[in-house]
Amino acid sequence: MNAAPSSSPRKSPLLAVICSSLWICACDLFHTGFDNIEDARLYTANQASSQDPPTGAITVMNWNIKFAGARVDFFFDCHGQEVLMDSATVYQNLQGLSDAINAVNPDILLAQEVDIKSKRSAYIDQVQWILDHTELNYAAYASQWKADYIPSGGIGRVDSGNVIFSRWPITRATRIALPQIDAQDGFTRYFYLKRNILHTRIQPSGRASVNVLNTHTSAYSVDDTAYRQIQIFQQQLQTLQDRGEIFIAGGDLNTIPPGSTQVSGFSDNVCEDDFLADDFSSKTSWTQGLYDQFIPAVSLTDYISDNTPYFTHSISGSVFWNRKLDYLFSNSPWQTGTTITYQNLSQGGIDSMSLSDHAPISSQWAWP
Amino acid sequence: MGMAMKITLVLILLLTSTAVAAVQNTGDSADTLDEGNFQTGVFAPLRMGLGANTELATHPLVDFVLPHLYLKHRWIRQSHFSLATLHYLSYPSQALRLVARPDIGGLLPANTDIPHMLTSYNSLVLSWQLPKGLRLSPRIGLQNTVGGTDSSVPTIDLPFIYYRTSSHHHGHSIRGGVELDQQITSRWQFVFDIGYFYLPGTDGHFAWEHKSYLQLHLGPSTSLLFGYLAVAGRYPFGQESRLLPLADFIWSW
């Protein structure tokens, strides 16, 4: 697989002299950069739950938890002006998220937009909190937005990214950089999100290991960056398949599947930017390759017959789920009839509308 | 990130660190400017010797966004010992409103409701003349803010700013330190300073600030200052330390 373009600052002799003479040890002054490939950060629950190896099917879940922001109207969605949450709000929202996770009781959880040290979520380490309040025992974290300080809009310090939670030990965890948005100026790109693929290997005691991959591709690229990110994700999975390795993969791909009935003009999109993040007119084929090559938890046939039960995202808490952005794929079959999109109490049994701007999905899968 | 971008960031940090360090640098000793003398720097405040033992200082450009004034009065002046008090008053609300914006430069959320606040700082400074041109100047002071403690203004969790604005949220903070300076030669002066901030009521409680620099007297009325500024403290996100450059150009007349 071709490595993604470098996302870490390049150094030159002249700059090294300047930095040295100014007693500055690193020229990534706000620590926003990453290597192309680097180890992800590993976590362990403070109190372990059952780690018995799988005997039948396991439950795999995917959820973008919006950094425990629930349905707070943050500035970036243009429905409100909120930037920061206090600790009481974050803990309350985390409790709601963990209650929902415990109701599903997944063995593997792919999560996106998880904060570990962000001012907007009161600097609470959400990875550790979820581990300590669910039956999950291990986690790997790959940051996709990190800065000592974002000098814009009062955001401040941020560290947020993708997480793979597991009941069983994670034996390998790697962060693979994805391309950044070329159309952005250098200053914006320096402080902006840096998307990634989190690639882990999970191995229960006495069982074969399985690759688990998680990604969250760009929502706001005005060029082909988001498409290239999905292509790289697909290539990564294809490489594993060509090697004969089993994988589970998923995430928030920020685009809708082929065969979507509505591709633009969503009623909850109120931002007045020239670029409309939710105009998917030219993007519906972007995930076709994933559907062609691998096995989706929600089949394209089912989705095309009726999109509505599979929607996983709405921007506003007053608008029901109205598009599908979240996915699970594998190269080993999902258990038929076990996939659930948790849209509300009657569809899935979780009041997910109040917990995040994304609905979780889960499916059963047989460990090889 | 391109070369120009990196150099820009470096220069911004250089300006910021030097400016912040200079904001309250009225010369951390008990001595005052002679009557009728003036001194200023690119970043250092404009100091005016008002009388034999009194000095006023302010940053004229900064006053447009952060109105403030320093007054230092020397009460005791002996051959080897001086004692002075430093008094500072500012209205920080205007500057905070300026940085409460939705885009670049926003250190606070745009919807922050910033009340009227007044901040004062009063300190006692001593100076001892020691052998070999050394001068030792310990200091201790209390910073108070009225008007802010019941507000919901978020903290600005940046080095130098967080602990200097702690009193906006908790009413008061205590600052102490000691400066050691020495006229090494007729042209070179060395300064070594350590400061401590005690921040009751905060997540952090403390911060240390240390600066050291050389001042080169280019002529009778100009000098160049260069060195470093280091800070270590506990912030709401945990402990952090920073090392930044310090540079200034000083005029006296």
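Residue numbers (this note's numbering), protein chains in the order written: chain A, 84 to 451; chain B, -13 to 239. C-beta atoms are modelled at their ideal positions from N, C-alpha and C, and glycine is treated no differently.
### Query
Looking at chain B, which residues of the region 145 to 178 of chain A have a Cβ within less than 8 Å of any of its Cβ atoms?
If the cut-off is 8 Å between Cβ atoms, the region 145 to 178 of chain A has Phe158, Gln164, Glu165, Val166, Leu167 near chain B.
#### Entry: Range of the contiguous beta strand (DSSP E) that encloses asparagine 279(A)
Membership of asparagine 279(A) in the beta strand (DSSP E) is indicated by the continuous run 279 to 285.
### Task
Please name the residues in the region 78 to 102 of chain B whose beta-carbon is closer than 9 Å to at least one beta-carbon of chain A, in chain order.
Those would be Val85, Ala86, Arg87, Pro88, Asp89, Ile90, Gly91, Gly92, Leu93, Leu94, Pro95, Ala96, Asn97, Thr98, in chain order.
### Query
What residues of chain B sit near tyrosine 206(A), judged by a beta carbon separation below 7 Å?
Near tyrosine 206(A) (Cβ distances below 7 Å), the residues of chain B are Pro222, Phe223.
### Query
How would you list, in chain order, the residues of chain A whose beta-carbon sits under 7 Å from the beta-carbon of proline 140(B)?
At a C-beta separation below 7 Å, proline 140(B) has these neighbours in chain A: Leu167, Gly237.
### Message
Between Leu202(B), Thr98(B), Ser209(B), Leu215(B), which has its C-alpha nearest glycine 195(B)'s C-alpha?
### Response
It is worth fixing the name first, because residue 195(B) is glutamate in this sequence and not glycine. Minimum Cα-Cα distance from glutamate 195(B) among the listed residues Leu202(B), Thr98(B), Ser209(B), Leu215(B) corresponds to Leu215(B).
### Query
How should threonine 208(B) be labelled, buried or exposed, when 16 other C-beta atoms within 10 angstroms of its C-beta is the threshold for buried?
Of the other Cβ atoms in all chains shown, fewer than 16 fall within 10 Å of the Cβ of threonine 208(B); this residue is therefore exposed.
### Task
Tell me, to the nearest whole angstrom, how far the beta carbon of histidine 59(B) is from that of threonine 44(B); I am working on the premise that it is less than 8 Å.
A Cβ-Cβ distance of about 16 Å is found for the pair histidine 59(B) and threonine 44(B), leaving them out of contact under the 8 Å criterion.
### Query
Anyone know if the C-beta pair for serine 76(B) and proline 53(B) falls short of 8 Å?
Yes, Cβ-Cβ distance for serine 76(B) and proline 53(B) is below 8 Å.
### Task
Indicate whether the contact test is met: 3 or more Cβ pairs, each with one atom in the region 223 to 242 of chain A and one in the region 265 to 278 of chain A, closer than 8 Å.
Flag = yes, the region 223 to 242 of chain A and the region 265 to 278 of chain A touch.
#### Entry: Assumed close pair leucine 200(B), isoleucine 236(B) - CB separation to whole angstroms, cut-off 8 Å
About 12 Å; that fails the 8 Å criterion.
### Task
Compare the C-alpha of proline 252(A) against each of Glu121(A), Ser429(A), Thr115(A), Leu125(A) and name the closest.
Nearest to proline 252(A) by C-alpha distance, out of Glu121(A), Ser429(A), Thr115(A), Leu125(A), is Leu125(A).
### Query
What's the C-alpha gap between lysine 202(A) and isoleucine 147(B)?
Answer to the nearest angstrom: the Cα atoms are 16 Å apart.
### Task
Give the residues from the region 130 to 162 of chain B that approach chain A closer than 8 Å (Cβ to any Cβ), ordered along the chain.
For the region 130 to 162 of chain B, the set of positions with a beta-carbon nearer than 8 Å to some beta-carbon of chain A reads Pro140, Ile142, Asp143, Leu144 in chain order.
### Query
Would glutamine 263(A) be called buried (16 or more neighbouring beta carbons within 10 Å of its own) or exposed?
Buried, by the Cβ-count rule.
### Message
Helix, strand or coil for leucine 166(B)? Go by DSSP, reduced to three states.
### Response
If DSSP states are grouped into helix, strand and coil, leucine 166(B) belongs with the strands.
### Message
In the DSSP output, what is arginine 258(A) paired with across the bridge?
### Response
DSSP output for arginine 258(A) lists Glu121(A), Leu281(A) as bridge partner(s).
#### Entry: Continuous beta strand (DSSP E) assignments of at least 3 residues falling wholly in the region 25 to 57 of chain B
Under the rule that a run must span 3 or more residues, the beta strand (DSSP E) segments found entirely inside the region 25 to 57 of chain B read 32 to 35, 40 to 44.
### Task
From the DSSP output, in three-state form, read off valine 305(A) for me.
In the structure shown, the three-state DSSP call for valine 305(A) is coil.
### Query
So does the region 419 to 429 of chain A actually touch the region 109 to 123 of chain A, counting three or more Cβ pairs closer than 8 Å?
No, they do not touch.
### Message
Tell me which residues share the same chain as phenylalanine 349(A) and place their Cβ nearer than 6 Å to its Cβ, disregarding the 5 neighbours each side in the sequence.
### Response
Answer for phenylalanine 349(A): Asp361, Asn405, listed in chain order.
### Query
Using a C-beta cutoff of 8 Å, does tyrosine 275(A) count as contacting chain B?
So no, tyrosine 275(A) is outside the interface.
### Task
Indicate the three-state DSSP secondary structure (helix, strand or coil) for tyrosine 275(A) in the structure shown.
Looking at tyrosine 275(A) - three-state DSSP - the assignment turns out to be coil, as it is neither helix nor strand.
### Coil, strand or helix - isoleucine 315(A) by DSSP
Three-state result, isoleucine 315(A): helix.
### Query
Just curious, the alpha helix (DSSP H) that histidine 114(A) is in, first and last residue?
Histidine 114(A) -> no alpha helix (DSSP H), and no H or E assigned at all.
### Cβ pair count under 8 Å reaching 3, the region 148 to 160 of chain A against the region 128 to 136 of chain B
No, they do not touch.
### Message
At the 8 Å Cβ level, is proline 262(A) part of the contact set with chain B, yes or no?
### Response
So no, proline 262(A) is outside the interface.
### Three-state secondary structure assigned by DSSP to asparagine 108(B)
It is a strand residue.
### Buried or exposed by the 16-neighbour rule on C-beta atoms within 10 Å, applied to aspartate 20(B)
With a 10 Å radius around the Cβ and a threshold of 16 neighbouring Cβ atoms, aspartate 20(B) comes out exposed.
### Sub-8 Å separation of alanine 70(B) and threonine 18(B) beta-carbons
Taking 8 Å as the cut-off, the beta carbon of alanine 70(B) is found closer than this to the beta carbon of threonine 18(B).
### Message
Quick check on the burial criterion: 16 or more other C-beta atoms within 10 angstroms. Buried or exposed for histidine 66(B)?
### Response
Counting Cβ neighbours within 10 Å, histidine 66(B) comes out exposed, since fewer than 16 surround it.
### Query
How would you call valine 9(B), buried or exposed, if buried means at least 16 neighbouring beta carbons within 10 angstroms?
For valine 9(B), the predicted structure reports a pLDDT of 42, less than 50, and the residue's modelled location is therefore unreliable. The matter cannot be settled from this model.
### Message
Measuring straight from C-alpha to C-alpha, what distance separates glycine 236(A) and phenylalanine 274(A)?
### Response
When rounded, the distance between both Cα atoms is 13 Å.
### Message
Quick check on leucine 204(B): does DSSP put it in helix, strand or coil?
### Response
DSSP places leucine 204(B) in coil when its eight states are reduced to three.
### Message
My output table needs one value for glycine 348(A): the three-state DSSP class, helix, strand or coil.
### Response
DSSP places glycine 348(A) in coil when its eight states are reduced to three.
### Task
Identify the contact partners of lysine 202(A) in chain B, using a Cβ-Cβ distance below 8 Å as the criterion.
Under a criterion of Cβ atoms nearer than 8 Å, the residues of chain B adjacent to lysine 202(A) are, in order, Pro140, Asp143, Pro222, Phe223.
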